[in-house]
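Residue numbers for the sequence shown follow the UniProt record's numbering, so the first one is 1 and each next one is one higher. All residues carry an ideal CB built from backbone N, CA and C; glycine is no exception. In this text the structure is predicted, and so the values were computed from the model without any measurement. Here is the structure we will look at, set down as structure tokens.
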Amino acid sequence: MTVIAVGRRALLVLGLPAVLFAVWWFATAGSTDFYFPPLSAILRKFGEVWVGDRLTSDVLPSLLRLTVGYLLAVVIGVGLGLVVGTHRVVRDVLEPVLELFRAIPPPVLIPVIMLFAGIGDTMKVLVIVSGCIWPILLNTVEGVRAVDEVLSDTCRSYGITGPARLWHLVLRSASPQIVTGIRQSLSIGIILMVISEMFAASNGLGFTIVQFQRTFAIPEMWSGVLLLGLLGFVLSLLFRLAENRVLAWYHGLRRAQRNT
1 MTVIAVGRRA
11 LLVLGLPAVL
21 FAVWWFATAG
31 STDFYFPPLS
41 AILRKFGEVW
51 VGDRLTSDVL
61 PSLLRLTVGY
71 LLAVVIGVGL
81 GLVVGTHRVV
91 RDVLEPVLEL
101 FRAIPPPVLI
111 PVIMLFAGIG
121 DTMKVLVIVS
131 GCIWPILLNT
141 VEGVRAVDEV
151 LSDTCRSYGI
161 TGPARLWHLV
171 LRSASPQIVT
181 GIRQSLSIGI
191 ILMVISEMFA
201 ASNGLGFTIV
211 QFQRTFAIPE
221 MWSGVLLLGL
231 LGFVLSLLFR
241 LAENRVLAWY
251 HGLRRAQRNT
């Protein structure tokens, strides 16, 4: 990749955030509104609040819960999706139940999860799993069902069955759609991480932001919101880099098809 191509890609990724940041800076410059302080004041509090003890006491625990819940949702969603997608009987039996639970907003389940999981980290992880699992599961099912019949017959003809067929055909064919579901779940996981920490928590980003709001520490509250936005942006960027590496064969195939 040439330097020009790298620069163009960086401009596309960072251009709009930089413009929005500049608009925010000039729109709030000199603001005397208590609830909408200048961005300069927010950035000053950002360094004071988050660069220090709160990094280990609030930010890292939140990221740990997000990582555990997100990875559990990926494992369960892909595993169950493979079973449901490859077995028609299982799909017919589970589909009504899956549609029922998918329609329930995850925040509504927080009081229910608190009844049997308590108010500790287990509850917060389960809340993240309960929301992240559905895009992964449903995209996996659709990806498995869309496996090319010609390729499937070819595998059968060559005696490729069992784990070999699952790994080399089913997962490979369904991987673009599985990754789409995993990407969608990332933003859901960040939202549920914050929501779960607003209930009976003693640390975490969600807890700290709510505490700032309740004590009318408005610049500190906005600095937490800004931190969440930056975390979402960085995690999305890291996911995109990993996706380009894992699905390099797929993106190469798409480029070849467009050039023909």
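Residue-chain proximity (residue i, chain D), Cβ-Cβ < 9 angstroms
i, result
"residue 33", "Among the chains in the structure shown there is no chain D, since it carries only a single protein chain."
Residues near residue i in its chain [Cβ-Cβ closer than 6 angstroms; skip 5 each side]
i, result
"residue 81", "137, 140, 141"
"residue 131", "106, 188, 192"
"residue 174", "143, 144"
Close beta carbons around residue i, own chain, < 7 angstroms, minus the five adjacent residues each side
i, result
"residue 180", "139"
"residue 268", "The requested residue 268 does not occur in the structure, where the chain is confined to residues 1 to 260."
"residue 220", "45, 49, 212"
"residue 74", "136, 182"
"residue 41", "219"
DSSP three-state assignment for residue i, whether helix, strand or coil
i, result
"residue 53", "helix"
"residue 187", "helix"
"residue 168", "helix"
"residue 74", "helix"
"residue 205", "helix"
"residue 148", "coil"
With 16 other Cβ atoms within 10 Å as the buried cut-off, status of residue i
i, result
"residue 104", "exposed"
"residue 149", "exposed"
"residue 157", "exposed"
"residue 56", "exposed"
"residue 134", "buried"
Residue i to residue j span [Cα, whole Å]
i, j, result
"residue 232", "residue 190", "7 angstroms"
"residue 249", "residue 89", "33 angstroms"
"residue 65", "residue 229", "18 angstroms"
"residue 259", "residue 72", "39 angstroms"
"residue 256", "residue 182", "25 angstroms"
"residue 43", "residue 117", "38 angstroms"
"residue 207", "residue 235", "21 angstroms"
"residue 252", "residue 171", "18 angstroms"
"residue 53", "residue 202", "15 angstroms"
"residue 194", "residue 200", "12 angstroms"
Residues near residue i in its chain [Cβ-Cβ closer than 8 angstroms; skip 5 each side]
i, result
"residue 33", "none"
"residue 94", "84"
"residue 176", "143, 247, 250"
"residue 245", "none"
Integer-rounded CB distance, given that residue j should sit under 8 angstroms from residue i
i, j, result
"residue 341", "residue 223", "Lying outside 1 to 260, the shown extent of the chain, residue 341 is not represented and no answer is given."
"residue 28", "residue 36", "6 angstroms"
"residue 70", "residue 185", "7 angstroms"
"residue 38", "residue 30", "7 angstroms"
The ligand COA heavy atom lying under 8 angstroms from the CB of residue i
i, result
"residue 241", "What this structure holds is no ligand at all, so the ligand COA is not there to describe."
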